[in-house]
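Sequence lines, in order, name chains A and B.
For the first sequence, position 168 (counting from the first letter as 1) is numbered 168 according to full-length UniProt numbering, and the numbering increases by one without interruption.
For the second sequence, position 299 (counting from the first letter as 1) is numbered 299 according to full-length UniProt numbering, and the numbering increases by one without interruption.
Backbone N, C-alpha and C define an ideal beta-carbon position, used for all residues, glycine too.
Note sheet for the following structure.
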Amino acid sequence: MTRYATLLAAAAATAATFAAGALSAADVSMDDPNIAAAYEDGGRYFTEDDIPTFNVQEDGTVDWPTFSGFRRYHAECHVCHGPDGEGSTYAPALKNSAVEMDYYDFVDVVVNGRQKVGAAENSVMPAFGTNPNVMCYLDDIYTYLKAHGSGAIGRGRPASKEAKSDTFAENEDACMG
Amino acid sequence: MKTKLTLLTSGIALCAASAALANDDLMSIMDDPTQWAIQTGDYANQRYSELDQITAENVGELQVAWTFSTGVLRGHEGSPLVVDDTMFVHAPFPNTVFALDLANEGKIKWKYEPKQDPNVIPVMCCDTVYRGVAYADGKIFLHQADTTVVALDSETGEVVWEVENGDPSKGETNTATVLPVKDKVIVGISGGEFGVRGHVTAYNMETGEQEWRAYSMGPDEEMLVDPENTTHLGEPIGADSSLNTWEGDQWTIGGGTTWGWYSYDPEADLIYYGTGNPSTWNPAQRPGDNRWSMTIMARDPDDGMAKWFYQMTPHDEWDYDGVNEMILTDQEIDGEERKLLTHFDRNGLAYVMDRVSGELISADKYDPVVNWTTGVDMDPESETYGRPEVVAEYSTEQNGEDVNTTGVCPSALGTKDQQPASYSPKSETFYVPTNHVCMDYEPFRVAYTAGQPYVGATLSMYPAPDSHGGMGNFIAWDNINGEIKWSIPEQFSVWSGALATAGDVVFYGTLEGYLKAVDAETGDELYRFKTPSGIIGNVMTYEHDGKQYVGILSGVGGWAGIGLAAGLTNPNEGLGAVGGYAALSDYTALGGQLTVFALPD
């Protein structure tokens, strides 16, 4: 039941974004329920619907998972999707996808991949489900892209970050093996 | 019995003769400037044409003669070929090949479109580029993205033979052209960012049978080396020269892929190529020199045996693949005629070597911003002879894992990537398309999974600071004195292969989509035309019915299309500069077109 409610809420948020027209950072409110951090758990921030999100302090300090996402994005994703999730000549700008897409849909595409192959298009997203370098950091990558896509952080490396939490370090070690 | 024996003997003689003829036939086509039979123009990789109808005086009158769309909207590298009255045009994935009848207004004689599993697309590191087909012995050799090597009948497009060179499910793919030599086709492999162990393989031109395979790293017998007779800077490499420089079995996923260009010296009977980066990009995960990644290799084309190696960047810390073209020239140094190999490496150094002995003659920075090294130790008596001296500040190894090393020049794109340079024997000058980009580089630990990216570093790239603000230069280079003669600043990296001609003109393309012609002596711009999309292809020329044509593929993409599409930012210059650099998407969009130029009638 909780899960169902979460999905519904996320879908509503997505619909609202589309209704607002083309996405630009200025259109995204930090109070948006899909973005606003409601609580923190072990160094990671969540919306009231338990969706991972970012936390950027007034001086620009980002939460550790968002910083981690910046690093992992630029190792695993940027060779197709371009620096800072801005898109390339052939792959979409993920900074927008992270804001426009439902979290669970986003995860589904990363885990299972997606193909759009036709006469004028050869667009294939690989399945990263077996890649620990992606899967162990998927929520980090998601929140980093959401932070940049919503305009909370600019392009490039975040200048300062919160320390890595013990919980994060334990989970990371367990996941990476 | 006697008759039978005679027949057998003559059969053998015939076979031998046809193999030799195949090579002679290809060499005579390469010597004929009206044709363009292999991607590099000739075995020496000079990309120079004796055609002189288009000159520095009249090139300003150049016009578009005709155009052709490949129907594919991804990065178009390489160039078309012309053999007799037929032009062969290739496309990126799905790797379509067209044969166009030049005697019949470019009518399509045949089209070949292989069926490939689209799952190969995302395991290609940087777009689905393909640097083109090659011609020899009445066949067109296509090396598909999924590593299938195909020989097509050049008259009909029918498949003569087909062979699998690698396994895309492990990240093994192809972007390079093949090199036809004698009775063999030499092919490489891509996938350094997927932990692929690189190799070069020779297939029989007639049958497609594998003749030999030489790995870039691993046990001696798999690398086709002779510990006593294969040399590195004049000394025998010794036993286990590769295994000794890796920790554990990291070499089995060690990279050193072979996706660049290949040259051949028929007199020395040696093929030349370079090997790519060791994997991962995190140097801490692979202690040692990681031989023989980042290495210039000279091998016997008949059996693959290595004659000499030279490792340019031992234990790479910046992704400076050594795969760029080896340009073979005969030039005078200190009054002595030398057989040279000149190589513009990703690491920002232009190497000149004796291509017969493997002696290192010089190594000079061909962009003054190169800062990761102070230069190469040129003292043969020194313990570090031939090694680059690494500047600690820019060493991602010395700074360590999880540390962001800033301000390294060049970036991982290299001062030059695969985009090939040209050499004019007339001006004794190299014309080099370059990148003018620096980077921050932070390595960190990664896990290996077959068929998944295996990178382990995060990079930010930006135009070279305190320079002209652009991301590229097109330079004229004197390899004997190690000097830039002139340099044309470009807004974007120059990702297009150059062409020099006997008409004293040098051509190259730009990422905005311009085909430019410049004066070979002065670099003065003589002509420009904006084609439908950004250019990452290589300029070629041919003659038909007594008229000289210049051809170029447009179709923005490749690594340049990834990094520069949305523009670059310099994280070290503060917020004011963010977004201040040009975005390629403001100038051009996807395309896939051949544009052919000629002088007005």
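Practice task
Let me know if Ile562(B) comes out buried or exposed under the rule of 16 or more other beta-carbons within 10 Å of its beta-carbon.
Solution key: Buried, by the Cβ-count rule.
Exercise for the section: Compare the C-beta of Thr458(B) against all C-beta atoms of chain A and say whether one is closer than 8 Å. Expected result: Yes, contact with chain A.
Handout entry: Segment limits, beta strand (DSSP E) that includes Met326(B)
Key = Met326(B) -> beta strand (DSSP E) spans 326-333.
Problem - Extent of the continuous beta strand (DSSP E) to which Lys547(B) belongs - result: Unbroken beta strand (DSSP E) run through Lys547(B): 547-554.
Exercise for the section: Note down, in chain order, each residue of its chain lying with its Cβ closer than 7 Å to the Cβ of Ser68(A), except the 5 sequence neighbours on either side. Expected result: If the five residues before and after Ser68(A) are omitted, its C-beta is found closer than 7 Å to the C-beta atoms of Tyr137, Asp140, all from its own chain and listed in chain order.
Exercise for the section: Compare the C-beta of Ala298(B) against all C-beta atoms of chain A and say whether one is closer than 8 Å. Expected result: Taking a beta-carbon distance threshold of 8 Å, Ala298(B) does not count as an interface residue toward chain A.
Practice task
Pick out whichever of Thr201(B), Ser154(B), Leu360(B) has its Cα sitting closest to the Cα of Leu224(B).
Solution key: Considering only alpha carbons, the answer is Thr201(B).
Practice task
Spell out whether any CB of chain B is found under 8 Å from the CB atom of Glu76(A).
Solution key: Answer yes: the Cβ-Cβ gap between Glu76(A) and chain B drops below 8 Å somewhere.
Problem - Beta-carbon gap between residue 603(B) and Asn277(B) smaller than 8 Å - result: Chain B is shown from 1 up to 601; residue 603(B) falls before or after that span and cannot be answered.
Exercise for the section: Taking only the alpha-carbon atoms, compute the straight-line gap between His74(A) and Ser123(A) and give it to the nearest angstrom. Expected result: Computed Cα separation, rounded: 20 Å.
Problem - Interface residues of chain A facing Pro118(B) [CB-CB closer than 8 Å] - result: Within 8 Å Cβ-Cβ: Gln115, Val117, Asn122, Val124.
Practice task
Return no unless some Cβ of chain C is closer than 8 Å to the Cβ of Gly69(A).
Solution key: Absent from the structure is chain C; the protein chains it does hold are A and B.
Problem - Distance between Asp153(B) and Glu100(A) (C-alpha atoms, nearest Å) - result: Looking at the two C-alpha atoms, the distance is approximately 50 Å.
Exercise for the section: Compare the beta carbon distance of Gly78(B) and Leu553(B) with 8 Å and say whether it is the shorter of the two. Expected result: In this structure, Leu553(B) lies closer than 8 Å to Gly78(B) by Cβ.
Practice task
Mind reading off the beta-carbon distance from Ile296(B) to Gly322(B)? Whole number of angstroms is fine, and I expect it under 8 Å.
Solution key: With a Cβ gap of about 7 Å, Ile296(B) and Gly322(B) count as contacting.
Problem - Contact check, Gly472(B) vs Thr434(B), beta carbons under 8 Å - result: Judged by beta-carbon spacing, Thr434(B) lies within the 8 Å limit of Gly472(B), meaning their Cβ atoms are closer than that value.
Problem - 7 Å Cβ cut-off: residues of chain B touching Asn171(A) - result: The contacting residues do not exist; Asn171(A) stays about 15 Å from chain B at best.
Exercise for the section: Could you please tell me which residues of the region 392-418 of chain B, in chain order, have their CB closer than 8 Å to any CB of chain A? Expected result: Those would be Asn404, in chain order.
Practice task
Report the three-state DSSP secondary structure of Met30(B) (helix, strand or coil).
Solution key: Judged by DSSP in its simplified three-state form, Met30(B) adopts helix.
Exercise for the section: Counting only the same chain and skipping the five closest in sequence on each side, list residues whose C-beta sits under 6 Å from that of Met540(B). Expected result: Apart from the 5 residues on each side of it in sequence, Met540(B) sits with its Cβ closer than 6 Å to the Cβ of Trp36, Ser79, Gly551 in its chain, given in chain order.
Practice task
Determine the extent of the beta strand (DSSP E) in which Trp308(B) is found, giving its start and end residues.
Solution key: Annotation: the continuous beta strand (DSSP E) that includes Trp308(B) extends over 306-311.
Practice task
Let me know if Cys175(A) comes out buried or exposed under the rule of 16 or more other beta-carbons within 10 Å of its beta-carbon.
Solution key: An exposed status is given to Cys175(A), since fewer than 16 other beta-carbon atoms sit within 10 Å of its beta-carbon.
Handout entry: Interface positions of the region 92-115 of chain B facing chain A (Cβ-Cβ less than 8 Å), listed along the chain
Key = Identification of residues in the region 92-115 of chain B having a C-beta nearer than 8 Å to some C-beta of chain A yields Phe93, Pro94, given in sequence order.
Problem - Option in Lys170(B), Leu73(B), Phe597(B), Phe88(B) with minimal Cα separation from Ala198(B) - result: The sequence shown places Gly at residue 198(B), not Ala. Ranking Lys170(B), Leu73(B), Phe597(B), Phe88(B) by CA distance to the CA of Gly198(B) puts Lys170(B) first.
Problem - Minimum C-alpha distance to Pro114(B) - residue among Phe98(B), Val123(B), Gly106(B), Cys126(B) - result: Residue Phe98(B) is the option with its Cα nearest to Pro114(B).
Exercise for the section: Could you please give me the residues that DSSP links to Tyr73(A) through a beta bridge? Expected result: Tyr73(A) is not bridged to any residue.
Exercise for the section: Please check the pair Gly43(A) and Asp63(A), which I expect to be a contact at CB under 8 Å, by giving their CB distance rounded to whole angstroms. Expected result: Your pair Gly43(A) and Asp63(A) checks out as a contact, with CB atoms roughly 7 Å apart and the cut at 8 Å.
Problem - Interface partners of Pro52(A) on chain B, CB under 9 Å - result: Close to Pro52(A), with beta-carbon spacing below 9 Å, lies no residue of chain B; the smallest spacing is near 20 Å.
Handout entry: Start-to-end residues for the alpha helix (DSSP H) that takes in Glu521(B)
Key = First-last for Glu521(B): undefined, no H or E at that position.
Handout entry: Coil, strand or helix - Leu138(A) by DSSP
Key = Here Leu138(A) sits in helix by DSSP.
Handout entry: Close-in-space but distant-in-sequence residues of the same chain around Val178(B) (CB under 6 Å, 5 per side omitted)
Key = Excluding residues within five positions, the ones whose Cβ falls inside 6 Å are Ala134, Phe141, His143, Val185, Val187.
Handout entry: Own chain, CB closer than 7 Å to Tyr385(B), minus 5 neighbours either side, in chain order
Key = Cβ within range, chain order: Leu233, Asp377, Asp379.
Handout entry: Cβ neighbour criterion (16 or more within 10 Å) applied to Arg114(A)
Key = By the neighbour-count rule (16 or more Cβ atoms within 10 Å), Arg114(A) is not buried but exposed.
Practice task
Taking Gly82(A) as the query, report the chain B residues whose CB atoms sit under 8 Å from its CB, ordered along the chain.
Solution key: For Gly82(A), the chain B residues whose C-beta falls within less than 8 Å of its own C-beta are Ile562, Gly563, Ala565, Ala566, listed in chain order.
Practice task
Let me know the secondary structure DSSP gives Gly274(B) once reduced to three states.
Solution key: Strand.
Practice task
Using a Cβ-Cβ cut-off of 8 Å, state whether Asn131(A) counts as contacting chain B.
Solution key: The beta-carbon of Asn131(A) is placed less than 8 Å from the nearest beta-carbon of chain B.
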